[in-house]
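A.B. asks: The structure follows.
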Amino acid sequence: MSGTSKTAQQLIDIESTLGAHNYHPLDVVLTRGEGVWVWDVDGTKYLDCLSAYSAVNQGHCHPKIREAMIEQAGKLTLTSRAFRNDQLPRFYEEICALTNSHKVLPMNSGAEAVETVIKATRKWGYEVKGVPEDKAEIIVFENGFHGRTITIVGFSTDPTARNGFGPFTPGFKIVPFGDAAVVEKAITPNTVAVLVEPIQGEGGVIIPPDGYLTALREMCTRENVVLVLDEIQTGLGRTGKLFAEEHEGIEADVTLVGKALSGGYYPISAVLSNTEVLGVLKPGEHGSTFGGNPLACAIARAALKVLVEEGMIDNAAKQGTYFVDGLKKLRVNEIKEVRGRGLLIAVEFHEEAGGARQYTEALKEAGILCKETHDNIVRFAPPLIITKDQIDWALERIEKVLRDA
Ligand SMILES: *Cc1c(COP(=O)(O)O)cnc(C)c1O
């Protein structure tokens, strides 16, 4: 029988029977996307307010990225880094010009970019800073999220992410997020890096106090520590600037990007460096079969181009303010707080409201797809191309759903 004749429930049952249950998705089976909209197998249309955790900032199936992908797919897709390809240098040149970076190391997933920076800053610590062998320390933060590898979950403070997966990689010091003084105290002569999200995304859109990143920048410079900003979720326009660091006018030594680097077409991540940190890596010391492949590079070039040329970053700033203001005006007693920067927005509910999942389920029925993070928070992060009318459409439905729930 043809696969197209299966019902949504049949597809859900197959997934449930054959797949590992490492996710708890909403029961909506999507088959098509265009811009801010997605459609399920029954033809019902939804506004995507998750954007695949900010990987689809440019909107679903952006035609110019699609064109670049199809063109490159018919020419050359993978050479491995054993040989050179003609897309990689062009990608380097364009991303460095856009982000004011001097060196790039391309990988595939976000977690791989994080692993890469851990390796590079450790080696920098031994070879440049003079840290004694195997003593390098990296400062990381409570409630942070950087991916799912053993090393990364080893420094997570989320028991669900971590419990049952030990033993873990040593060399990380976990401190509370948002208080610069505790970071200063945690720095020792063996500290090689501070690894931080400028806004904690998976942690529930936690925005640190004004001046926090500036203080981290100053102490990292003073103590000769590499400041690494994980902008895999906050970067590439999501918060209304190309990078969230710009809200404080600072520059990280190393910036991690992923997710929207392909506009949702392909797993592509990169480590961007404005110091010589990446210079410590020599041939053979790090790599990836697919990292930097010509298909990925062609897609990333188009994804960056449309982000800038089509004004998506400014639109995120403008529509983000409008969306947050609208959410703040909702008269719903269960809401504890609305917060956001650009189009990275969270609504936190009071604990007594009984959990956020009920709201994401009900919003789905009303045509809006979003996902709870932790128990009481719903994140609203639509593609950056969303219009005021579409936000009005959403606000009307969000208000009704939250009132009726
Ligand atoms: C999503 C995310 C990652 C991990 O990216 P993957 O592509 O899922 O490995 C790392 N850091 C942050 C801040 C993220 O939001």
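The working numbering runs 22 ahead of the 1-based position in the sequence shown. All C-beta atoms, glycine included, are put in the ideal place defined by N, C-alpha and C.
Taking Cβ positions, are valine 250 and threonine 143 nearer each other than 8 Å?
C.D. replies: yes
A.B. asks: Would you say leucine 69 and glycine 389 are within 8 Å of each other, going by their C-beta atoms?
C.D. replies: yes
A.B. asks: Consult DSSP for arginine 401 and reduce its assignment to one of helix, strand or coil.
C.D. replies: strand
A.B. asks: Let's test the definition: count the other Cβ atoms within 10 Å of the Cβ of asparagine 337 and tell me whether it reaches 16, buried, or not, exposed.
C.D. replies: buried
A.B. asks: Within 7 Å: the Cβ of alanine 133 and any heavy atom of ligand 1?
C.D. replies: Checking the 7 Å criterion, the Cβ of alanine 133 is within range of a heavy atom belonging to ligand 1.
A.B. asks: Please name the residue, chosen from Phe105, Asp62 and Ala325, that lies closest to serine 291 on a Cα-to-Cα basis.
C.D. replies: Per the C-alpha coordinates, the member of Phe105, Asp62 and Ala325 positioned closest to serine 291 is Ala325.
A.B. asks: What are the boundary residues of the alpha helix (DSSP H) that arginine 425 is part of?
C.D. replies: 410-426
A.B. asks: Is the beta carbon of alanine 384 sitting closer than 8 Å to the one on valine 423?
C.D. replies: yes
A.B. asks: With a threshold of 7 Å, establish whether the CB of lysine 141 neighbours any heavy atom of ligand 1.
C.D. replies: No, the beta carbon of lysine 141 sits no closer than 7 Å to any heavy atom of ligand 1.
A.B. asks: Which stretch, first to last residue, makes up the beta strand (DSSP E) that contains alanine 203?
C.D. replies: Note, alanine 203: premise wrong, no beta strand (DSSP E); alpha helix (DSSP H) at 202-208.
A.B. asks: Taking only runs that begin and end inside the stretch 331-381, name each unbroken alpha helix (DSSP H) of 4 or more residues, in chain order.
C.D. replies: 334-351
A.B. asks: By alpha-carbon positions, which one of Lys97, Ala183, Gly342 and Asn398 ends up nearest to glutamate 359?
C.D. replies: Asn398
A.B. asks: By DSSP's criteria, tyrosine 68 is part of a beta bridge. Which residues make up the other side?
C.D. replies: Val60, per the DSSP bridge assignment.
A.B. asks: Go through its chain and collect everything with a Cβ distance to methionine 23's Cβ below 6 Å, but skip five positions before and after it.
C.D. replies: With a pLDDT of 49 at methionine 23, under the threshold of 50, the predicted position of this residue should be treated as unreliable, and no value is reported.
A.B. asks: With distances taken from CA atoms, which of Pro47, Ser73 and Thr66 is nearest glycine 9?
C.D. replies: In the structure displayed, the chain extends from 23 to 427; residue 9 sits before or after that span and is not available.
A.B. asks: Determine the closest residue to threonine 261 out of Thr297, Leu366 and Thr236, with distance taken between C-alpha atoms.
C.D. replies: Leu366
A.B. asks: Which whole runs of the alpha helix (DSSP H) in the stretch 281-335 are 4 residues long or more, in chain order?
C.D. replies: Counting only runs of 4 or more, we get 316-331.
A.B. asks: Say whether the stretch 300-320 touches the stretch 153-163, bearing in mind that this needs 3 or more beta-carbon pairs closer than 8 Å, one atom from each stretch.
C.D. replies: no
A.B. asks: Could you please give the first and the last residue of the uninterrupted alpha helix (DSSP H) stretch that includes leucine 120?
C.D. replies: 110-121
A.B. asks: For lysine 393, does the count of other Cβ atoms within 10 angstroms reach 16, so buried, or fall short, so exposed?
C.D. replies: By the 10 Å Cβ count, lysine 393 comes out buried.
A.B. asks: Looking at the strands, I want to know which residues DSSP matches up with glycine 55.
C.D. replies: Val60
A.B. asks: Ligand 1 and glycine 169: does any heavy atom of the ligand fall closer than 7 Å to the residue's C-beta?
C.D. replies: yes
A.B. asks: Under the rule that 16 or more other beta-carbon atoms within 10 Å means buried, what is aspartate 426, buried or exposed?
C.D. replies: With fewer than 16 other CB atoms across the displayed protein chains lying within 10 angstroms of its CB, aspartate 426 is exposed.
A.B. asks: Please tell me whether, using a cut-off of 7 Å, the distance from the CB of glutamine 80 to the nearest non-hydrogen atom of ligand 1 is below it.
C.D. replies: no
A.B. asks: Please state whether the Cβ-Cβ distance between valine 197 and glutamate 219 is less than 8 Å.
C.D. replies: no
A.B. asks: Just tell me which of Leu48, Glu93, Val227 and Gly309 has its CA closest to the CA of glutamine 380.
C.D. replies: Leu48
A.B. asks: For aspartate 232, collect the residues of the same chain with a Cβ closer than 8 Å to its Cβ; drop the 5 residues on either side in sequence, then sort them by chain order.
C.D. replies: Result list for aspartate 232: Glu270, in chain order.
A.B. asks: I'd like to know whether the C-beta of glutamate 115 is nearer than 8 Å to at least one C-beta of chain B.
C.D. replies: Among the chains in the structure shown there is no chain B, since it carries only a single protein chain.
A.B. asks: Leaving out the 5 sequence neighbours to the left and right, which residues in its chain are closer than 7 Å to valine 12 when beta-carbon positions are compared?
C.D. replies: The first residue shown for the chain is 23 and the last is 427, placing residue 12 beyond what the model contains.
A.B. asks: So which of Glu253, Lys67 and Val205 has the shortest CA-CA distance to glutamate 387?
C.D. replies: Lys67
A.B. asks: Ordered along the chain, which non-local residues of its own chain (more than five positions away) have a Cβ less than 6 Å from that of glycine 223?
C.D. replies: Gln255
A.B. asks: In the DSSP assignment, what are the bridge partners of threonine 277?
C.D. replies: Leu251 and Leu294
A.B. asks: Can we count isoleucine 172 as close to ligand 3, meaning its CB is less than 7 Å from some heavy atom?
C.D. replies: Ligand 3 is absent from the structure shown, which contains only ligand 1.
A.B. asks: From what residue to what residue does the alpha helix (DSSP H) around isoleucine 141 run?
C.D. replies: One point to set straight first is that residue 141 is lysine, not isoleucine, in the sequence displayed. Taken as a continuous stretch (DSSP letters only), the alpha helix (DSSP H) holding lysine 141 covers 132-146.
A.B. asks: Among Ser38, Leu40 and Thr53, whose alpha-carbon lies nearest the alpha-carbon of serine 27?
C.D. replies: Nearest of Ser38, Leu40 and Thr53 to serine 27, Cα basis: Thr53.
A.B. asks: Give the straight-line distance between the Cα atoms of valine 78 and glycine 286, rounded to the nearest whole angstrom.
C.D. replies: 5 Å
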